[in-house]
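Residue numbers (the numbering used here), protein chains in the order written: chain A, 318 to 467; chain B, 15 to 398.
Notes follow the structure.
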Amino acid sequence: MRTEAFKEYISSILPTASYDESGEWLNVLVTPADWRNLAEKLRHSEHKFDYLFCLTCVDWKTHLTMVYHLSSTDHRETIVIKSNLDRNNPEIETVSDIWRTAEFHEREVYELFGVKFLNHPDLRRLILTDDFEGFPLRKDFEDPVNMIKL
Amino acid sequence: MYTETQVIRNNTKVTVDGALDGTGEMVINVGPQHPATHGVLHLVITLNGETIQKIEPHLGYIHRSIEKMSESLSYRQFIYVTSRMDYLSSHINNHACAMTVEKGLQLEVPPRAQVIRVLMDELTRVASHELWWGAMAMDLGAFTPFFYAFREREAISDIMEETCGARLTMNYMVPGGVMADLHPNFQRRVKDFIKLFKAKIHEYDELVTGNIIFQNRMKGVGVLSAEDAVSFGCTGPVARASGVKSDIRKLYPYEIYDKLEFDEVTETAGDSFARYMVRMGEMHQSIRIIEQLIDNIPEGDFQAKTKAVLKLPKGEFYTRVETARGELGVYIVSEGGTTPYRIKYRSPGFSNLSALDHMARGSKLGDLMATMGTLDLVIPDIDR
Chain A
318 MRTEAFKEYI SSILPTASYD ESGEWLNVLV TPADWRNLAE KLRHSEHKFD YLFCLTCVDW
378 KTHLTMVYHL SSTDHRETIV IKSNLDRNNP EIETVSDIWR TAEFHEREVY ELFGVKFLNH
438 PDLRRLILTD DFEGFPLRKD FEDPVNMIKL
Chain B
15 MYTETQVIRN NTKVTVDGAL DGTGEMVINV GPQHPATHGV LHLVITLNGE TIQKIEPHLG
75 YIHRSIEKMS ESLSYRQFIY VTSRMDYLSS HINNHACAMT VEKGLQLEVP PRAQVIRVLM
135 DELTRVASHE LWWGAMAMDL GAFTPFFYAF REREAISDIM EETCGARLTM NYMVPGGVMA
195 DLHPNFQRRV KDFIKLFKAK IHEYDELVTG NIIFQNRMKG VGVLSAEDAV SFGCTGPVAR
255 ASGVKSDIRK LYPYEIYDKL EFDEVTETAG DSFARYMVRM GEMHQSIRII EQLIDNIPEG
315 DFQAKTKAVL KLPKGEFYTR VETARGELGV YIVSEGGTTP YRIKYRSPGF SNLSALDHMA
375 RGSKLGDLMA TMGTLDLVIP DIDR
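This is how it looks when you write it as structure tokens:
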């Protein structure tokens with residue numbers, strides 16, 4: 318794992334990024350405004366992170382955290398990018414034109430967490446009905462009809 | 015359906031028969047109840063004559079919110095729900111979850127349990143590919159292969175029933191190993207199955223693979239380039255048919271896969287026939303793995319000793335395994351409690367489906383069935 322090299326590379330683009338190495342892979346925390354710029358560099362630089370294998374969101378009650386798991390098919394490296402969003406008005410730039418798989422995954426996060434992906438080509442609901450209210454995977458979601466908690 | 019979901023933009027009016035005014039285009043619904051979607055998948059297809067302009071999948075007809083349910087289930091309980099995701103790979107789904115919990119607990123799995131797990135995974139893979147083969151031939155209009163496929167699949171289901179007590183949703187893998195020891199008949203019956211498989215597999219090639227009608231319907235249909243396969247997050251046989259090396263068993267070996275001899279089957283054409291050939295080849299490779307292990311199951315415990323209540327330390331744990339359909343990722347965010355704070359299942363079917371629109375654009379409606387059939391979609395895996 319070339320952790321130090323990645324840290325150096327990301328610091329050269331985003332000096333404000335912070336790192337967490339406690340887990341299996343290097344975690345990088347960036348601001349939502351910086352994400353789009355970093356994503357393009359990661360995809361098109363020599364590191365070539367061309368495979369976005371997991372895109373999801375976590376509700377921490379005070380804020381939402383977007384989690385992007387990236388990997389490169391050439392170098393077999395993995396990196397995790399995180400970005401904290403304001404829970405009341407979660408907005409982040411889309412990456413669906415960089416990694417096409419993000420189009421569906423972002424639509425899923427949009428309807429289950431309420432995150433708005435700016436400039437997404439087709440941000441509509443994928444799973445839920447059009448008249449569904451609330452964001453089911455947020456922690457404060459209550460469903461009076463269906464049993465989702467024990 | 016289309017007015018509600020705004021397929022049609024630019025204020026185009028729709029006439030009674032579904033044609034869009036002035037464009038010569040027509041919107042049709044395939045599904046939610048359609049024999050070729052193998053479940054409740056709804057595709058809204060914009061057609062120009064017979065040519066597909068756009069496909070919009072509408073999901074959620076069997077969305078059970080497994081991710082939300084898992085948040086209130088303990089680390090032993092949530093595994094059983096995952097059998098219901100990709101029900102044809104239920105062993106492998108359970109395996110992924112058990113491995114994630116073991117990673118969190120830093121638990122060592124006894125060698126016997128590791129071998130049993132791999133054996134079960136590979137039997138599941140063969141059973142899944144058998145069902146896919148029969149169902150795909152049925153999509154293309156041949157009914158007989160389905161019965162041929164079920165003849166062999168039945169033998170695997172019987173083996174599963176004896177050892178696991180269930181034929182479909184086995185719930186056999188638990189954190190630390192497997193739930194129960196193998197049935198005394200297991201080895202004999204698996205050997206019988208290998209004999210049966212080797213005696214019958216040539217019939218598959220004679221019935222379908224070499225059939226010129228099938229070949230013509232599959233070759234050059236639904237082509238996916240290697241670059242697009244990676245960009246769309248396609249994994250499993252779909253990616254390997256485009257020449258992308260994506261077998262998790264080879265790239266990130268888990269359990270004892272690094273000690274086994276088997277080949278990663280890849281093709282380069284990226285069309286439906288390539289996907290077909292990859293799956294046929296994988297069946298042989300799985301049998302090869304089973305043959306290596308069936309006489310070499312080590313003695314010992316089938317389960318590591320674990321506490322009654324499992325608590326994962328604070329942190330994040332991610333595991334990936336190779337199911338019959340591709341890469342399944344289990345992402346657990348733990349706050350240190352007895353239940354996961356957040357679970358994400360990165361299901362292979364969801365990403366593979368997202369490439370369908372790209373693959374089918376510009377092709378004929380009749381070819382869609384070949385493309386969809388070789389994507390091997392399992393809808394509960396997509397919806398979760």
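Note that CB positions come from ideal geometry on N, CA and C, so glycine has one too.
Pair within 9 Å by beta-carbon distance, A/Trp352 and A/Val432: Position 35 of the first sequence, counted from the first residue, corresponds to residue 352 of chain A. Position 115 of the first sequence, counted from the first residue, corresponds to residue 432 of chain A. If you check the CB distance, A/Trp352 and A/Val432 do not come in under 9 Å.
Identity of the residue in A/Asn401, A/Arg441 and A/Asp376 nearest A/Glu420 by Cα: For the purposes of this step, residue 420 of chain A is taken as the residue at position 103 of the first sequence. With distances taken between Cα atoms, A/Glu420 lies closest to A/Arg441.
Straight-line gap, A/Val375 to B/Phe160 (C-alpha atoms, nearest Å): Position 58 of the first sequence, counting from 1, holds the residue named residue 375 of chain A. Position 146 of the second sequence, counting from 1, holds the residue named residue 160 of chain B. Rounded to the nearest angstrom, the gap between the Cα atoms of A/Val375 and B/Phe160 is 43 Å.
Whole-Å CB distance - B/Gln299 paired with B/Asp277, under 8 Å assumed: As a first step, residue 299 of chain B is located in the second sequence; it is residue number 285 there, counting from the start. As a first step, residue 277 of chain B is located in the second sequence; it is residue number 263 there, counting from the start. In this structure B/Gln299 is in contact with B/Asp277, their Cβ atoms being roughly 6 Å apart against a cut-off of 8 Å.
Under the three-state DSSP convention, the category A/Asn436 falls into: Walking along the first sequence from the start, residue 436 of chain A turns up at place 119. Reduced to three states, the DSSP call for A/Asn436 is coil.
Residues of the stretch 164-185 of chain B whose Cβ lies closer than 7 Å to any Cβ of chain A, in chain order: Those residues of the stretch 164-185 of chain B that come within reach of chain A (Cβ to Cβ, closer than 7 Å) do not exist; the list is empty.
Below-9 Å beta-carbon distance, A/Pro453 vs any chain B residue: Taking the first sequence and counting its residues from 1, the one referred to as residue 453 of chain A is at position 136. Yes, its Cβ sits closer than 9 Å to a Cβ of chain B.
Contact set between the stretch 353-368 of chain B and chain A, restricted to residues whose Cβ is under 7 Å from the partner: Within the stretch 353-368 of chain B, the residues whose Cβ lies closer than 7 Å to any Cβ of chain A are, in chain order, Arg356, Lys358, Arg360, Phe364, Ser365 and Ser368.
Short Cβ contact (9 Å threshold) for B/Asp135 with B/Ile106: Translated into the one-based positions of the second sequence, residue 135 of chain B becomes position 121. Translated into the one-based positions of the second sequence, residue 106 of chain B becomes position 92. Against a cut-off of 9 Å, the Cβ pair of B/Ile106 and B/Asp135 comes out as a contact.
Meets three-Cβ-pair contact criterion under 8 Å: the stretch 61-78 of chain B and the stretch 336-346 of chain B: Because the criterion of three Cβ pairs below 8 Å is not met, the stretch 61-78 of chain B and the stretch 336-346 of chain B do not touch.
Beta-carbon neighbours of A/Leu369, restricted to chain B and to distances below 8 Å: Position 52 of the first sequence holds residue 369 of chain A. By Cβ distance, chain B contributes Gly247.
Straight-line gap, A/Asn436 to A/Glu410 (C-alpha atoms, nearest Å): Taking the first residue of the first sequence as 1, we reach residue 436 of chain A at position 119. Taking the first residue of the first sequence as 1, we reach residue 410 of chain A at position 93. The straight-line gap from Cα to Cα measures roughly 7 Å.
Below-9 Å beta-carbon distance, B/Tyr271 vs any chain A residue: For this step, residue 271 of chain B is matched to residue 257 along the second sequence. Not an interface residue.
Endpoints, the beta strand (DSSP E) within which B/Tyr332 is located: By 1-based counting over the second sequence, the position of residue 332 of chain B is 318. If you look at B/Tyr332, you'll find it in the beta strand (DSSP E) that goes Gly329 to Glu336.
For B/Gly148 and A/Leu445, the rounded distance between their alpha carbons: Within the first sequence, residue 445 of chain A is the residue found at index 128, counting from 1. Within the second sequence, residue 148 of chain B is the residue found at index 134, counting from 1. Approximately 32 Å between the Cα atoms of the pair.
B/Met83 beta carbon near the ligand PLP (any heavy atom closer than 8 Å): In terms of ligand content, the structure shown is empty, and the ligand PLP therefore cannot be addressed.
Spatial distance of B/Ile303 from B/Ser239 (CA atoms): Counting from 1 along the second sequence, the entry for residue 303 of chain B is found at position 289. Counting from 1 along the second sequence, the entry for residue 239 of chain B is found at position 225. The alpha-carbon atoms of B/Ile303 and B/Ser239 are separated by roughly 30 Å.
Paired residues, beta bridge with B/Val347 - DSSP: Here the question's residue 347 of chain B lines up with position 333 in the second sequence. DSSP output for B/Val347 lists B/Glu330 and B/Arg356 as bridge partner(s).
Contacts that B/Val347 makes with chain A (C-beta to C-beta distance below 8 Å): Translated into positions along the second sequence, residue 347 of chain B becomes position 333. Chain-order list of chain A residues neighbouring B/Val347: Val375, by C-beta distance under 8 Å.
CA-to-CA distance, B/Asp172 to B/Glu166, given in whole angstroms: On the second sequence, residue 166 of chain B is found 152 positions in, with the first residue counted as 1. On the second sequence, residue 172 of chain B is found 158 positions in, with the first residue counted as 1. Pairing B/Glu166 with B/Asp172, the inter-Cα distance amounts to about 10 Å.
Beta-carbon separation (whole angstroms), B/Lys358 vs A/Thr373, contact threshold 8 Å: To locate residue 358 of chain B, count along the second sequence from 1; it is residue 344. To locate residue 373 of chain A, count along the first sequence from 1; it is residue 56. A/Thr373 and B/Lys358 do touch by the CB rule: their CB atoms are close to 4 Å apart, below 8 Å.
Chain A contacts from the stretch 116-133 of chain B (Cβ-Cβ distance under 7 Å): Correct list: empty, as no residue qualifies.
4 or more residues per run - each alpha helix (DSSP H) lying fully within the stretch 397-447 of chain A: With a minimum length of 4 residues, the continuous alpha helix (DSSP H) runs that stay inside the stretch 397-447 of chain A are 419-430.
Interface flag, B/Leu55 vs chain A, CB-CB below 9 Å: Taking the first residue of the second sequence as position 1, residue 55 of chain B is located at position 41. The beta-carbon of B/Leu55 is placed no less than 9 Å from the nearest beta-carbon of chain A.
Completely contained alpha helix (DSSP H) runs for the stretch 98-179 of chain B, where each covers 4 or more residues: Every unbroken stretch of the alpha helix (DSSP H) spanning 4 or more residues and falling wholly within the stretch 98-179 of chain B is given here in chain order: 104-119, 125-153 and 158-178.
Boundaries (first-last residue) of the beta strand (DSSP E) holding A/His380: Along the first sequence, read from residue 1 onward, the residue named residue 380 of chain A stands at position 63. Segment His380 to Ser388, the beta strand (DSSP E) holding A/His380.
For A/Asp391 and A/Pro349, the rounded distance between their alpha carbons: Stepping through the first sequence from its first residue, residue 349 of chain A is reached at position 32. Stepping through the first sequence from its first residue, residue 391 of chain A is reached at position 74. When rounded, the separation of the alpha-carbon atoms in A/Pro349 and A/Asp391 is 27 Å.
Range of the contiguous alpha helix (DSSP H) that encloses B/Met373: Taking the second sequence and counting its residues from 1, the one referred to as residue 373 of chain B is at position 359. Counting along the chain, the alpha helix (DSSP H) containing B/Met373 begins and ends at Leu370 to Ala374.
CB contact check: B/Arg98 to chain A, cutoff 9 Å: Position 84 of the second sequence, counting from 1, holds the residue named residue 98 of chain B. No, no contact with chain A.
Classification of B/Asn24 by the beta-carbon crowding that lies within 10 angstroms, buried from 16 upward: In the second sequence, residue 24 of chain B corresponds to position 10, counting from 1. The predicted model places B/Asn24 with a pLDDT of 46, which falls under 50 and marks its position as unreliable; any figure quoted below should be read in that light. With fewer than 16 neighbouring CB atoms inside 10 Å of its own CB, B/Asn24 falls in the exposed class.
Coarse secondary structure for B/Glu39, derived from DSSP in three states: Here the question's residue 39 of chain B lines up with position 25 in the second sequence. Assignment of B/Glu39 by DSSP, reduced to helix, strand and coil, places it in the strand class.
Beta-bridge pairing of B/Asp390 - partner residues as DSSP gives them: Along the second sequence, read from residue 1 onward, the residue named residue 390 of chain B stands at position 376. B/Asp390 is not bridged to any residue.
Cutoff 9 Å: B/Phe331 Cβ touching any chain A Cβ: For the purposes of this step, residue 331 of chain B is taken as the residue at position 317 of the second sequence. Yes, contact with chain A.
Cutoff 9 Å: B/Val95 Cβ touching any chain A Cβ: Walking along the second sequence from the start, residue 95 of chain B turns up at place 81. With respect to chain A, the C-beta atom of B/Val95 has no partner C-beta closer than 9 Å.
Partner residues on chain A for B/Tyr258, Cβ-Cβ distance less than 8 Å: Counted from its first residue, the second sequence places residue 258 of chain B at position 244. The question names Tyr, but residue 258 of chain B is Val in the sequence shown. Within 8 Å Cβ-Cβ: Thr390.
Residue ranges of each beta strand (DSSP E) within the stretch 190-235 of chain B, 3 or longer: Unbroken beta strand (DSSP E) stretches of 3 residues or longer found wholly inside the stretch 190-235 of chain B: none.
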